[in-house]
Structure formats: structure tokens, C-alpha cells
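*Asks:* Questions regarding the structure given below will be posed in turn.
There are 2 protein chains.
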Amino acid sequence: MIESARVKSRDCSCESCVCQKPVDAKTGFEVSDEFERFNQKYDMFNRAVWDDTVRSERSQKFFESYFTDLAEFRKVEGFQHRDYALRNAAWYIADFTADLLEISGDRKEGFLDTYTMFREGATRKIEGSAEENTAELKRAGKFLGADAIGVCDYDERWVYTHNYSRQKLTDKPMDLPEGLSSVVVIVNEMHHQTIKTVPSALSGAATGQGYSRDIIAVLSITQYIRNLGYRAVASLNDTALSIPLAVQAGLGQYGRHGLLITPEFGPRVRIAKVFTDLPLNANEPIDFGVTETCNICRRCSVACPVKAIPFDEPAFINDNISHIKGVRKWTIDAKKCFKFWANQGTDCSICIRVCPYNKDFRVAFNRLLRWMLSNRWRRLALWLDSKLKYGQRRTAGWWWRQPSA
Amino acid sequence: MIESARVKSRDCSCESCVCQKPVDAKTGFEVSDEFERFNQKYDMFNRAVWDDTVRSERSQKFFESYFTDLAEFRKVEGFQHRDYALRNAAWYIADFTADLLEISGDRKEGFLDTYTMFREGATRKIEGSAEENTAELKRAGKFLGADAIGVCDYDERWVYTHNYSRQKLTDKPMDLPEGLSSVVVIVNEMHHQTIKTVPSALSGAATGQGYSRDIIAVLSITQYIRNLGYRAVASLNDTALSIPLAVQAGLGQYGRHGLLITPEFGPRVRIAKVFTDLPLNANEPIDFGVTETCNICRRCSVACPVKAIPFDEPAFINDNISHIKGVRKWTIDAKKCFKFWANQGTDCSICIRVCPYNKDFRVAFNRLLRWMLSNRWRRLALWLDSKLKYGQRRTAGWWWRQPSA
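Going line by line, the protein sequences match chains A and B.
Going by this note's numbering, the residue at position 230 of the first sequence is 230; the numbering climbs one at a time, nothing skipped.
Quick note: to get this note's numbering, add 405 to the position in the second sequence (first position is 1).
Structure follows, in C-alpha cells:
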């Protein structure tokens, strides 16, 4: 646990942020004075555009495979015509919204820029207390398609210093307006059964479908807040790191594989967020034992084919441009991870598949295992998870053959 | 039951259709030689644009209320700022996709025109039998967001003769390509709890949300078929009558209130469809006793505030421009119905709320009632439905006050 005093960093590149905040004591992120906000130019997807140590013929083919007319189907199960057809259809909404202004406005919305396609909101503000607003927002948010929803205070530390333009091959200033005091964070579940088939192009359909559901929800919630007369900016992977905001909004804890682990869906989620000035009350971060489980589990570190997930303790990684500086945490090797994606021609979620929190918690026995993972029965729960072969891979054909009922 | 002989009508305005088909014996639609295909110019939403007997100051205000900055919020529960904010946010996807090409292309996609925003599909066709294609399409369709999915053969009788241009205030030729042999029909559930609050602007959120979910699914399924190398045209309320196609695709039966009644969700659904040349096997129409229930029930006819739903037997209505000619069926008075919407400033679903098939069939007791409605226990089931006050109205405040869990 770190001191909860608010300390202005020496070297911090931003004007207004403080590098350490009281909430860190509850989220488990230790932030040092070396902290620097992240520039999206350095994420692996953008490095695959401008950095010759990442870009390759395979990485180009990887991106092209999302355009079905350019994809190369294989004979091996999980990478056939039907698998790519479904994966790329599942990505439809994310691609469509991202492509709308890519040429005309140099915006790849949801991935490099916030979303802008909204109607005029109300000309007057709704009358309501922060408590009423928060309760109604959560009710509306679930109605509009969020599987879970939380609120945290705006925290500039997790906002990128720059977005990136793939047209101009350079970073560009962040355009998030001033004065947005809260962040509404939502998660949507990724499809459980197709994730069981990872690695496969079919399991990539779960990624696309998770994004599509997330996007619909976050766009609709943003329009809802605008309809209440307040400002709201919708964001997916652009603009800010989603995971620390989700943890601060009480939606889950941070796992060894670098993913958010939620009580409802484990790590099998996609995250989106809305920056807003609607008066809202923040959630408290939650603790259901994830850190202690990850401390002894390492199932993801072992299963990762390229050993991109650390076996060690959380650490500061201050010498890698793709990693945020000055935050002590488990950090995956993004370069190794992405190279595996490029080589196999689709994204990988093996770390999600094998995670002991990747279960269907509508099943009572799985809720029992989750409870055991939160207390002294943890090791027994992990042993049972292994014995019962929860993380085992299924074939794509197994999924396609099931009746659709 | 009508003769199953294929008879070319005397007066039919189309070149190729036959007015009676064998499938009619299974769907219960009796088609006469007076049959004429419908021109979308004559539906109530388009008549509210060009027909002075429908257009009024109230109808203008009704349409404007979907633009939140023009909406007039009231103090009465269900019509307050939050209710309109949620309703109009729930319509976000439908509005956004409809508006994209309205100015530049004179297309209101999903309502007056088919959808066109797709990526290139595969350059080669998938190899598969009609049986394999059908099984995989249904599996993919549910994955991509359809709550239920069926297939029928292309039937030109239900395709409009013309779409309508609200820009040019005139009808325009139908642009559906030739040679699309099958129709994939999907339904998505509308939200059960908010429908209980009808009449209210809040219940209109269920309409918008049902459309939004339907649109995501139908666009993604269309992209999936294109990714298989075949042609696919996505349609919502434009281009063809959805209900007879849904009935022919085995998704449900036709009810007294003029709506599709499905076994899974009763009448609480939105329908969309994809015209395609992917080789597919059609479903058989289903019969779970709806016609016999509607024959004796009349709950919707009684509850309708403007008595727009018939109390009588199915009939031919050949003297009203808003009704299809030459089909014997229950037909609602669309003018009375729409006038009520315009007067209250939002759409109405009272007939859905009070329908004895409007239940949550995940509950075992409700499945028992549905079974009773299919056999000699029908009258007892209707009596129980009434005694247990299933169709009763709840207040919008009741819905907003519930915890969001």
C-alpha cells in the first residue's frame, strides 16, 4: 500500500495530474515519481504501422485478413472459410464505426479517436442529485446493453498524452474537452463457448462480437447523457487506458495477464467508457481475492505459447516504449504477444481461456469455486479447476456442430 | 384452408407472382384473386408526410419528439425528461443508420430502403450443401445477436411494389436484385419490464432498443453471408412486409392485433430479414394454437383505447389504401392507431402488454400457461392470465426505482 498523500511528480509530462492518488491504495496500482502518461503512438497496433521492429509481412497479412476478400482461408479446423466469415462479421460494427470518418476526417473512431456521431442532446439539463443521476444512469446503462456498469472520478493519469493518426503517421494532440469530472465505465461479456476454441479465427469472433455489443451500449449511453442535457464523450480503445479506469470504477481487479478480471465474467470482457460532466457518485474499487489468486496461479504464464506473461512479482518496467512508466504491476511483453497474433493470422485469447476466473457464473458450482478463490480454499479451487479441465481447448468443429436451438 | 394450386391472378400488378401458394395452407393467410402487392407510399408513416387526412400538428410534434432538443417533457410519470432521454437513446442505432445517407443518397435505410453499408465479401463461394449452410447460418445468426432465426423461400407477394422517398415525396421503384431465392428472418425480443409501463415514452425505449438489437444482428448476419461469397440484402421495415415472411419462416403465428406471436417472446419482438442467394433449406410454418386463442380472446381489441383492433373474424379489407388487398386476416385500423400515437407523443404497445402470450417464458409456470393455450385448457389459461393480472400496467416510476443489480 502506498501513502495516500497527493504528490505532484517531478518529471511528470502533464500539467495538472498528480502521480499518486488515494484510490491507488484500493486498486493496488503503485505509482512512482517516474510516472509518465502514455502516448498511443507506442501501442503495438500503431507500432506495426511505423516501427520496422514490429511491422512485417506477417503483421500486414494479419491486418488484411480482417477484410474477407483479402483473407487466406486454411484447411485446418478453426481457420476455415466459415471461421473467418464469422469473425469478420462479428467485427462488423466496430469496423463500420471506425471506418466512417477514416478517410474524410482522419479519425479511426473507437480505436484512435473518440466517437462523434451523435444527435443533438437536450437544450436544458435534467434536475437531479448525483445520487439520483447515478442510480438512473446505471439502470439506463444496463437497459441500453451494458453487462456491467460503474463510475469513477476523472483521472488524467490514464488518459493518453496523444492519439495517433495512421493517415499522417504521427501522433496528434488529445482532443478530450476540459471539465469532464466523471468516467462511466462499462463492460460487456465476450462469448464463452467460442473462447474455448482459442487459438482459432473462430475465437476472434468473440472479440469482435464483444466489441460490437460494447460499442452499441457505449454509444447509446453517451446519447442518453447528452439527452439529459450534459456533455458526454464515448471512447473504446482510444484516448485512455480502460483497465485502470474500470478497476477504479469498481468493475473488477487487475490480473497477472494484464487483463481486467470481473466477478461476473472473469477476464472474458470488453471495456468502454464515457467521459462526462453529469454529476455522478463514484463507485469504490472491489476486492474479491484476485491479487492473491494471481500471486500463486500462473496458469496464463505457463499456457502462453510465447511466454509473454510474467511469472514474477509485479514490477516497474520503465525501459520499454510500449509499457507505461512508473506503475508497478504485472506487465505482459506486448511485442511477443502481438508477434504471435501476426504469425497465426488472428488474435489470441489463450490467457483468457485458461484463467480460473473464466467461467459461466450463472452455474452455482462455478459461483462456489469463485467464492473459494476469495479465501483459504483458494488452492483447492485451483486444483479442482485443473482436475475438471475447465481451461481445456475445444475444437472449432465442436462449436459449429452443436445445434443452434 | 385454401386450394394449394398455384393460380396466377387476373388483376395482380406484378409480372411474376402467383397470388396463391401452397404455404398459405400452413400459415392461415387466405389470398384471393383480388390480391395486390403493397406500395409503401400508403403506410401510415409515409401518409403522415403526404396525406392531409393523416398529417397534423400533433403528428409533426410526434416525429419531432424523437429529436431530444425538440421534445417537450411533461410532469406526468412516464413522459418526463428521463423517459424521453432513454427512449431517444434507445433509438440511437436505428436513427443513426437511417440518417447516414438520407441527405446525400435519398435513402432512409432500414425504414424506406435496404441497408447498403457493407464491406466486400469473399471472392469465392463457400463449399457446402444447403443443409450445412442452413445449420451454420442459424448458429452464426444466434451468435451475431438474433434471438430467433428462420428461413423461408423468397415470396414476391410480400415485397413492396415501391419504396417511398420522403425527400422527393413520391414513390420510387423497388431496387431488390433478381435471383435472391431465400429470406432469412430474425426476431429480437423487446424489453419485458418497460413494455409493462405502456402507454409511456419509457415503453417507447423498448421499441427503440428492440430495433437497435435487431439492426446489429441483421447487419452482421448479412456481412456473414457476404463473407461466405454470396449476395445478401439486409432489410428492416423497408422493402417487404416482415410478418408474413416471419410466419412462413416458422418463427411464429399471426395474432388478432396484427402482430407476429412467437413461442419464445410472444408478440414482444422486432423483425428483420435478409434476402440472399446462399443455398438454404426453408423452415416449416409452426402452429402452437395462436389462431384458436385469438378467436376467443379479444383482450387487445378491448384494451385498445381507440378500438383499432377488430373484434370480428378475419376479413378481406379491399377498400382502404393502407391495407393490403386480397388477404383475409385480422386487420387493425392503422389510421386510428397512428392518431393515438401522435396524440400522446410516443408509440403505443398496449396490445402487446395485454396479450396473453406476452410473458417471460423462462419462468416454468408461464411455459405451463403457454402449453394450456395450445389445447383444451385454453379458456382456463385465459382466466388465470386475467386473475393473475399479467397484462396490468405498471408505472414508469416503478421501473426506474428498481435496483439496477
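A virtual CB, placed ideally from N, CA and C, is assigned to each residue, including glycine.
Quick caveat: nothing in here was measured; it's all calculated off a predicted structure.
Ignore the nearest five residues each way along the sequence and tell me which others in B:F766's own chain have a CB closer than 7 Å to its CB.
*Replies:* Here residue 766 of chain B refers to the residue found at position 361 of the second sequence. These residues qualify, in order along the chain: E669, R772 and R775.
*Asks:* DSSP puts B:C756 in a beta bridge; with which residues?
*Replies:* The residue labelled residue 756 of chain B in the question sits at position 351 within the second sequence. In the DSSP output, where bridge partners are listed per residue, B:C756 has none listed.
*Asks:* Buried or exposed: B:E514, going by 16 or more other Cβ atoms within 10 Å of its Cβ?
*Replies:* Position 109 of the second sequence, counted from the first residue, corresponds to residue 514 of chain B. By the 10 Å Cβ count, B:E514 comes out buried.
*Asks:* Check whether the Cβ atoms of A:L241 and A:L251 sit closer than 8 Å, and answer yes or no.
*Replies:* Taking the first sequence and counting its residues from 1, one reaches residue 241 of chain A at position 241. Taking the first sequence and counting its residues from 1, one reaches residue 251 of chain A at position 251. Not in contact: A:L241 and A:L251 (Cβ atoms no closer than 8 Å).
*Asks:* Enumerated in chain order, which unbroken segments of the alpha helix (DSSP H) with a length of 4 residues or greater are wholly contained in the segment 440 to 511 of chain B?
*Replies:* Within the segment 440 to 511 of chain B, the complete alpha helix (DSSP H) runs of at least 4 residues are 449 to 455, 462 to 469, 486 to 495, 497 to 504 and 507 to 510.
*Asks:* Roughly how far, in whole angstroms, is the beta-carbon of A:S203 from the beta-carbon of A:T194, given that I think they are within contact range, below 8 Å?
*Replies:* Looking up residue 203 of chain A in the first sequence gives position 203. Looking up residue 194 of chain A in the first sequence gives position 194. Yes, they are in contact, since the Cβ atoms of A:S203 and A:T194 sit about 5 Å apart, within 8 Å.
*Asks:* Measure the alpha-carbon distance for B:I648 versus B:A540 and round it to whole angstroms.
*Replies:* Residue mapping note: residue 648 of chain B aligns to position 243 of the second sequence, counting from 1. Residue mapping note: residue 540 of chain B aligns to position 135 of the second sequence, counting from 1. Straight-line Cα distance between these residues: approximately 23 Å.
*Asks:* At the 8 Å Cβ level, is A:T409 part of the contact set with chain B, yes or no?
*Replies:* Since the displayed chain A opens at 1 and closes at 405, residue 409 of chain A lies outside it and no answer follows.
*Asks:* Is the beta carbon of A:D175 sitting closer than 8 Å to the one on A:R231?
*Replies:* In the first sequence, counting from the first residue as 1, residue 175 of chain A sits at position 175. In the first sequence, counting from the first residue as 1, residue 231 of chain A sits at position 231. Cβ distance not < 8 Å, so A:D175 and A:R231 don't count as in contact.
*Asks:* Looking only at its chain, what residues have a beta carbon closer than 6 Å to the beta carbon of A:L70, apart from the 5 residues adjacent to it on each side?
*Replies:* Counted from its first residue, the first sequence places residue 70 of chain A at position 70. Within the same chain, A:L70 has close Cβ partners E64.
*Asks:* Identify, in the order they occur along the chain, each residue of the same chain with its Cβ nearer than 7 Å to the Cβ of A:F118, setting aside the five sequence neighbours on each side.
*Replies:* Counting from one through the first sequence, the residue named residue 118 of chain A turns up at place 118. Result list for A:F118: T222, Q223 and R226, in chain order.
*Asks:* Given this structure, state the Cα-to-Cα distance separating A:Q190 from A:S220, to the nearest angstrom.
*Replies:* Counting from one through the first sequence, the residue named residue 190 of chain A turns up at place 190. Counting from one through the first sequence, the residue named residue 220 of chain A turns up at place 220. At residue 190 of chain A the sequence reads Met, which differs from the Gln that was named. Distance between the alpha carbons of A:M190 and A:S220: 19 Å.
*Asks:* Using C-beta distances below 6 Å, list every residue in its chain close to B:F484, excluding the 5 sequence neighbours before and after it, in chain order.
*Replies:* Position 79 of the second sequence, counted from the first residue, corresponds to residue 484 of chain B. Result list for B:F484: A606, in chain order.
*Asks:* Could you check whether the Cβ of B:F467 sits closer than 8 Å to any Cβ belonging to chain A?
*Replies:* Start at 1 with the first residue of the second sequence, and residue 467 of chain B comes out as number 62. No - not a single Cβ of chain A is within 8 Å of the one on B:F467.
*Asks:* Comparing the C-beta of A:S9 with each C-beta of chain B, is any distance below 8 Å?
*Replies:* Locating residue 9 of chain A in the first sequence gives position 9, counting from the first residue. Note on A:S9: pLDDT 45, under 50, position unreliable in the model; the coordinate value appears next. Cβ-Cβ to chain B under 8 Å: no for A:S9.
*Asks:* Determine, using beta carbons only, whether A:C304 and A:R256 come nearer to each other than 8 Å.
*Replies:* The count along the first sequence starts at 1 and reaches residue 304 of chain A at position 304. The count along the first sequence starts at 1 and reaches residue 256 of chain A at position 256. The answer is no: Cβ separation not under 8 Å.
*Asks:* Measuring straight from C-alpha to C-alpha, what distance separates A:K329 and A:P314?
*Replies:* Walking along the first sequence from the start, residue 329 of chain A turns up at place 329. Walking along the first sequence from the start, residue 314 of chain A turns up at place 314. Those two C-alpha atoms are separated by around 4 Å.
*Asks:* For A:Y211, which residues from the same chain have a beta carbon less than 6 Å from its beta carbon, with the 5 sequence-adjacent residues on both sides left out?
*Replies:* Residue numbering aside, residue 211 of chain A sits at position 211 when the first sequence is read from its first letter. Excluding positions up to five away in sequence, the list reads A94 and R270.
*Asks:* Assign A:S59 to buried or exposed, taking buried as 16 or more other Cβ atoms, counted over all protein chains shown, within 10 Å of its Cβ.
*Replies:* Here residue 59 of chain A is taken as the residue at index 59 of the first sequence, counted from 1. Answer is buried; the Cβ neighbour count reaches 16.
*Asks:* Three Cβ pairs or more, each shorter than 8 Å: is that satisfied between the segment 34 to 54 of chain A and the segment 348 to 357 of chain A?
*Replies:* No contact exists between the segment 34 to 54 of chain A and the segment 348 to 357 of chain A.
*Asks:* Can you have a look at A:P310 and say buried or exposed, based on whether 16 or more other CB atoms are within 10 angstroms of its CB?
*Replies:* Taking the first sequence and counting its residues from 1, the one referred to as residue 310 of chain A is at position 310. Result: buried.
*Asks:* Considering only their Cβ atoms, is the gap separating A:G229 from A:K339 smaller than 8 Å?
*Replies:* Reading the first sequence from its first residue, position 339 is the one you call residue 339 of chain A. Reading the first sequence from its first residue, position 229 is the one you call residue 229 of chain A. Their beta carbons are not under 8 Å apart, which means A:K339 does not touch A:G229 by this criterion.
*Asks:* Report the rounded CA-to-CA distance for A:K75 versus A:G397, giving the unit in angstroms.
*Replies:* The residue labelled residue 75 of chain A in the question sits at position 75 within the first sequence. The residue labelled residue 397 of chain A in the question sits at position 397 within the first sequence. Cα to Cα, A:K75 sits roughly 12 Å from A:G397.
*Asks:* Whose CA, out of A:K138, A:I215, A:V198 and A:Y164, lies closest to the CA of A:Y115?
*Replies:* Counted from its first residue, the first sequence places residue 115 of chain A at position 115. Among A:K138, A:I215, A:V198 and A:Y164, the Cα nearest to that of A:Y115 is on A:I215.
*Asks:* For A:Q392, is the classification buried or exposed, using 16 other Cβ atoms within 10 angstroms of its Cβ as the cut-off for buried?
*Replies:* Here residue 392 of chain A is taken as the residue at index 392 of the first sequence, counted from 1. Looking at its Cβ environment, which holds fewer than 16 other Cβ atoms inside 10 Å, A:Q392 is exposed.
*Asks:* Does A:Y211 have its Cβ less than 8 Å from a Cβ in chain B?
*Replies:* In the first sequence, residue 211 of chain A corresponds to position 211, counting from 1. Not one chain B Cβ lies under 8 Å of A:Y211.
*Asks:* Are B:D717 and B:L517 close, meaning C-beta to C-beta below 8 Å?
*Replies:* Start at 1 with the first residue of the second sequence, and residue 717 of chain B comes out as number 312. Start at 1 with the first residue of the second sequence, and residue 517 of chain B comes out as number 112. The answer is no: Cβ separation not under 8 Å.
*Asks:* Among A:E156, A:L236, A:K359 and A:L169, which one has its Cα closest to the Cα of A:A38?
*Replies:* Position 38 of the first sequence, counted from the first residue, corresponds to residue 38 of chain A. It is worth fixing the name first, because residue 38 of chain A is Phe in this sequence and not Ala. Per the Cα distances, A:E156.
*Asks:* Taking B:A769 as the query, report the chain A residues whose CB atoms sit under 7 Å from its CB, ordered along the chain.
*Replies:* Locating residue 769 of chain B in the second sequence gives position 364, where the first residue counts as 1. Per Cβ cutoff of 7 Å: no residues; B:A769 is ~17 Å from chain A at best.
*Asks:* Flag B:R411 as yes if its beta-carbon sits less than 8 Å from any beta-carbon of chain A, otherwise no.
*Replies:* Start at 1 with the first residue of the second sequence, and residue 411 of chain B comes out as number 6. With a pLDDT of 40 at B:R411, under the threshold of 50, the modelled position of this residue cannot be trusted, and the question is left open.
*Asks:* For A:G345, count the other beta carbons within 10 Å of its own beta carbon; 16 or more makes it buried, fewer makes it exposed. Which is it?
*Replies:* The sequence position of residue 345 of chain A within the first sequence is 345, counting from 1. Buried: at least 16 other Cβ atoms inside 10 Å.
*Asks:* Grab me the residues of A:K389's own chain with a C-beta within less than 8 Å of its C-beta, minus the 5 sequence neighbours each way, in chain order.
*Replies:* For this step, residue 389 of chain A is matched to residue 389 along the first sequence. So the list is empty, once near-sequence residues are dropped.
*Asks:* Could you tell me which whole alpha helix (DSSP H) segments of length 4 or greater appear in the segment 274 to 357 of chain A?
*Replies:* Correct list: 290 to 297, 299 to 303, 334 to 344 and 350 to 354.
*Asks:* Quick one: measure Cβ to Cβ for A:S235 and A:A272, integer angstroms, because I've assumed they're closer than 8 Å.
*Replies:* Against the first sequence, residue 235 of chain A aligns to sequence position 235. Against the first sequence, residue 272 of chain A aligns to sequence position 272. Sure, about 7 Å apart at Cβ, within 8 Å.
*Asks:* Let's test the definition: count the other Cβ atoms within 10 Å of the Cβ of B:I729 and tell me whether it reaches 16, buried, or not, exposed.
*Replies:* As a working mapping, residue 729 of chain B is identified with position 324 in the second sequence. Counting Cβ neighbours within 10 Å, B:I729 comes out buried, since at least 16 surround it.
*Asks:* Along the segment 516 to 537 of chain B, where does the CB come closer than 7 Å to a CB of chain A? Name the residues.
*Replies:* Those would be M522, R524, E525, G526, A527, T528 and I531, in chain order.
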